[in-house]
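Participant: After the structure tokens below, expect a handful of questions from me.
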Amino acid sequence: MAATHPKAPTAQRLAQGCWSAFWDYETPKVIVVRNRRLGVVYRAVQLLILLYFVWYVFIVQKSYQDSETGPESSIITKVKGITQSEHKVWDVEEYVKPPEGGSVFSIITRIEVTPFQTLGACPESIRVPNTTCHLDADCTAGELDMLGNGLRTGRCVPYYHGEAKTCEVSGWCPVEDGAAVSHFLGKMAPNFTILIKNSIHYPKFQFSKGNIAHREDDYLRRCTFDQGFDPYCPIFRLGFIVEQAGENFTELAHRGGVIGVIINWDCDLDLPSSHCNPKYSFRRLDPKHVPASSGYNFRFAKYYRVNSTTTRTLIKAYGIRIDVIVHGQAGKFSLIPTIINLATALTSIGVGSFLCDWILLTFMNKNKVYSHKKFDKVCAPSRPSSSWPVTLALILGQAPPPPRHCSQSLAPGPSGQWGPQGAEPGKVVGSPESHSIPALSEQIADTPDRCVGQGLPSSESPLQDSTPTDPKGLAQL
Numbered sequence: 001m002a003a004t005h006p007k008a009p010t011a012q013r014l015a016q017g018c019w020s021a022f023w024d025y026e027t028p029k030v031i032v033v034r035n036r037r038l039g040v041v042y043r044a045v046q047l048l049i050l051l052y053f054v055w056y057v058f059i060v061q062k063s064y065q066d067s068e069t070g071p072e073s074s075i076i077t078k079v080k081g082i083t084q085s086e087h088k089v090w091d092v093e094e095y096v097k098p099p100e101g102g103s104v105f106s107i108i109t110r111i112e113v114t115p116f117q118t119l120g121a122c123p124e125s126i127r128v129p130n131t132t133c134h135l136d137a138d139c140t141a142g143e144l145d146m147l148g149n150g151l152r153t154g155r156c157v158p159y160y161h162g163e164a165k166t167c168e169v170s171g172w173c174p175v176e177d178g179a180a181v182s183h184f185l186g187k188m189a190p191n192f193t194i195l196i197k198n199s200i201h202y203p204k205f206q207f208s209k210g211n212i213a214h215r216e217d218d219y220l221r222r223c224t225f226d227q228g229f230d231p232y233c234p235i236f237r238l239g240f241i242v243e244q245a246g247e248n249f250t251e252l253a254h255r256g257g258v259i260g261v262i263i264n265w266d267c268d269l270d271l272p273s274s275h276c277n278p279k280y281s282f283r284r285l286d287p288k289h290v291p292a293s294s295g296y297n298f299r300f301a302k303y304y305r306v307n308s309t310t311t312r313t314l315i316k317a318y319g320i321r322i323d324v325i326v327h328g329q330a331g332k333f334s335l336i337p338t339i340i341n342l343a344t345a346l347t348s349i350g351v352g353s354f355l356c357d358w359i360l361l362t363f364m365n366k367n368k369v370y371s372h373k374k375f376d377k378v379c380a381p382s383r384p385s386s387s388w389p390v391t392l393a394l395i396l397g398q399a400p401p402p403p404r405h406c407s408q409s410l411a412p413g414p415s416g417q418w419g420p421q422g423a424e425p426g427k428v429v430g431s432p433e434s435h436s437i438p439a440l441s442e443q444i445a446d447t448p449d450r451c452v453g454q455g456l457p458s459s460e461s462p463l464q465d466s467t468p469t470d471p472k473g474l475a476q477l
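Next up, the structure:
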């Protein structure tokens, strides 16, 4: 009677099983399933994946190219034109701020002028919080309000107009609200012309280009921008820019605003440089629908002396600020992104097989039959080095030692003998009695003895299908 051995703990056996399964090798098994519906799904998924990569990835996104974004850019601007207000003619030197001609500049369209301001004492603006008063006791001497116009003297004085009273301040007087005069400069402003000179450079591809045509005549003196017919004449009318941004010029000139001129350089460097052209777009950048912060304005002052007294003119300017923004992307064919995206495309086609396998093994009828056909377990001998004694025995003309099978594929038969499941009773597959020497000589051709998964009949064993080999011929080698 065979001795019984204590079973290993469950955790230990589980760990041993996981460790053994970690070193298993899995290889696909090709099974042809003749099912029209499943075949339609499989080919439809493959077609969708193929169209996605061919049309979107390679044609639209141009993923076969190496790309560079954010070109190095230089911008020079120049404004020309004159306009007039009620009592004065204005030229470029007065209504363009700053005058350097950078990528951000302002064109003044309306001003509120407070002339002849001198240092002294005067009523504070009624718009400043907590500045109205009735008695001197309502005003604190020496108080400085960050939203006010000066240092409070402690006196309560009448306002510039009306019956109201405000606290007196020491500063530039009169204050802005008390004596400001408005002038509108936007009457002829829509006809101002703006030259935007832009050049870009992509350092990765050593590519440079500008937005002005290479002509030696007085071309820029008589041209205006037209995207379709004259894209290399970057001279824009101010009214055209505001119109393209979808704004009303009169309203914008009164309240001010910020308009963005966006120059986009999207260049396919696989084509000639003549196909790399700038594209312009215009839109308003500031939030015009927010009443608390709509519009654009700024203040500046002009100083002079009158009778040895320092005097200034304070100007609150409303205008249209132009922000020139340049961006773009350049691409050129490169082998590395092409290979990467091709490999991704070929790998993604396998999604169709995964989806159809899931449908086949989950929803189809006879899914257990498909599962049995798809998954097989083939076990190698427990001692791979045993092939050398077999080879040596065959060369010497002796009987080889019996091969050893995987324990997972063995099961007790009805007579108590051990062998692969499904083997004939009383016969142990793989024993020396069941196979001839020529059949075992197949191990020399790197075909080790294998055990077949559960449920495989013994008549389908690879050892029984081996082609006889002449041991004497091997010995002669």
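All residue numbers for the sequence shown refer to full-length UniProt numbering, where the first residue is 1 and numbers rise by one.
Even glycine gets a Cβ: it sits at the ideal position worked out from N, Cα and C.
Hey, Leu151 and Ser170: beta-carbon distance below 8 Å or not?
Facilitator: Yes, the pair counts as a contact, with Cβ atoms nearer than the cut-off.
Participant: Mind checking which residues open and close the beta strand (DSSP E) that includes Gly328?
Facilitator: Here the beta strand (DSSP E) through Gly328 covers Thr309 to Phe333.
Participant: Looking at the secondary structure, which residues open and close the beta strand (DSSP E) in which Leu151 lies?
Facilitator: Here the beta strand (DSSP E) through Leu151 covers Gly150 to Pro158.
Participant: Is it buried or exposed, Ile194, if we count other Cβ atoms within 10 angstroms and call 16 or more buried?
Facilitator: Classification for Ile194: buried.
Participant: Would you give the residue range spanned by the alpha helix (DSSP H) that Thr250 belongs to?
Facilitator: Counting along the chain, the alpha helix (DSSP H) containing Thr250 begins and ends at Phe249 to Arg255.
Participant: Could you please give the first and the last residue of the uninterrupted alpha helix (DSSP H) stretch that includes Ala21?
Facilitator: Thr10 to Phe22 is the extent of the alpha helix (DSSP H) around Ala21.
Participant: Would DSSP call Ile126 helix, strand or coil?
Facilitator: Three-state DSSP puts Ile126 in coil, outside helix and strand.
Participant: Specify, as a first and last residue, the run of the alpha helix (DSSP H) that Val41 falls within.
Facilitator: From DSSP, the alpha helix (DSSP H) with Val41 extends over Arg36 to Leu51.
Participant: I need the boundaries of the alpha helix (DSSP H) containing residue 483, first residue and last residue.
Facilitator: Outside the modelled stretch of the chain, which goes from 1 to 477, sits residue 483, for which no answer is possible.
Participant: Could you have a look at Tyr304 and say whether DSSP puts it in helix, strand or coil?
Facilitator: Correct three-state label for Tyr304: strand.
Participant: Nearest-angstrom Cα distance between Lys288 and Gly350?
Facilitator: When rounded, the distance between both Cα atoms is 52 Å.
Participant: Quick one: grab the DSSP three-state call for Arg215.
Facilitator: In the structure shown, Arg215 sits in coil (DSSP, three-state: anything other than H, G, I, E or B).
Participant: Would you give the residue range spanned by the beta strand (DSSP E) that Val92 belongs to?
Facilitator: It is not in any beta strand (DSSP E) - Val92 instead sits in the alpha helix (DSSP H) that spans Val92 to Tyr95.
Participant: Between Phe333 and Asp270, how many whole angstroms is the CB-CB distance? I'm expecting something under 8 Å.
Facilitator: About 5 Å; that satisfies the 8 Å criterion.
Participant: What is the DSSP secondary structure of Phe240, counted as helix, strand or coil?
Facilitator: If DSSP states are grouped into helix, strand and coil, Phe240 belongs with the helices.
Participant: Under the three-state reduction of DSSP, which class applies to Leu144: helix, strand or coil?
Facilitator: The answer is strand: DSSP assigns Leu144 an E or B state.
Participant: Considering only the alpha carbon of each residue, which of Pro98, Arg221, Gln244 and His214 lies closest to Gln227?
Facilitator: With distances taken between Cα atoms, Gln227 lies closest to Gln244.
Participant: Is it the case that the Cβ atoms of Ala345 and Phe53 are separated by a distance below 8 Å?
Facilitator: Yes, the Cβ-Cβ distance between Ala345 and Phe53 is below 8 Å.
Participant: According to DSSP, simplified to helix, strand and coil, what is Arg284?
Facilitator: Strand.
Participant: I'd like to know whether the C-beta atoms of Phe192 and Ile107 end up nearer to each other than 8 Å.
Facilitator: Cβ distance < 8 Å, so Phe192 and Ile107 count as in contact.
Participant: Could you spell out where the beta strand (DSSP E) holding Val290 opens and where it closes?
Facilitator: Unbroken run through Val290: none, as it is neither H nor E.
Participant: Report the option in Ala301, Arg321 and Ser353 whose CA atom is closest to the CA atom of Val113.
Facilitator: Comparing Cα positions, the closest option is Ala301.
Participant: In the DSSP assignment, find the alpha helix (DSSP H) that holds Gly352 and state where it starts and stops.
Facilitator: Segment Val351 to Thr362, the alpha helix (DSSP H) holding Gly352.
Participant: Alpha carbon to alpha carbon, how far is Trp23 from Gln12? Give it in angstroms, no decimals.
Facilitator: Gln12 and Trp23: Cα-Cα distance of roughly 17 Å.
Participant: Does DSSP put Asn191 in a helix, in a strand, or in coil?
Facilitator: It is helical.
Participant: Along the chain, where does the beta strand (DSSP E) containing Glu26 start, and where does it finish?
Facilitator: Premise fails: Glu26 is in no beta strand (DSSP E) and is neither H nor E.
Participant: Assign His372 to one of three DSSP states: helix, strand, or coil.
Facilitator: Helix at His372.
Participant: Can you look up Glu100 in the DSSP assignment and give me helix, strand or coil?
Facilitator: Note: Glu100 maps to coil in three-state DSSP.
Participant: What does the Cβ neighbour count give for Val258, buried or exposed, with the cut at 16 atoms within 10 Å?
Facilitator: Buried: at least 16 other Cβ atoms inside 10 Å.
Participant: Just verifying my parser: in three-state terms, what is the DSSP assignment at Leu342?
Facilitator: Three-state result, Leu342: helix.
Participant: His201 by DSSP, collapsed to three states: which one?
Facilitator: It is a strand residue.
Participant: In whole angstroms, what separates the C-alpha of Val73 from that of His201?
Facilitator: It should be noted that the sequence gives Ser, not Val, for residue 73. Taking the straight line from one Cα to the other gives about 7 Å.
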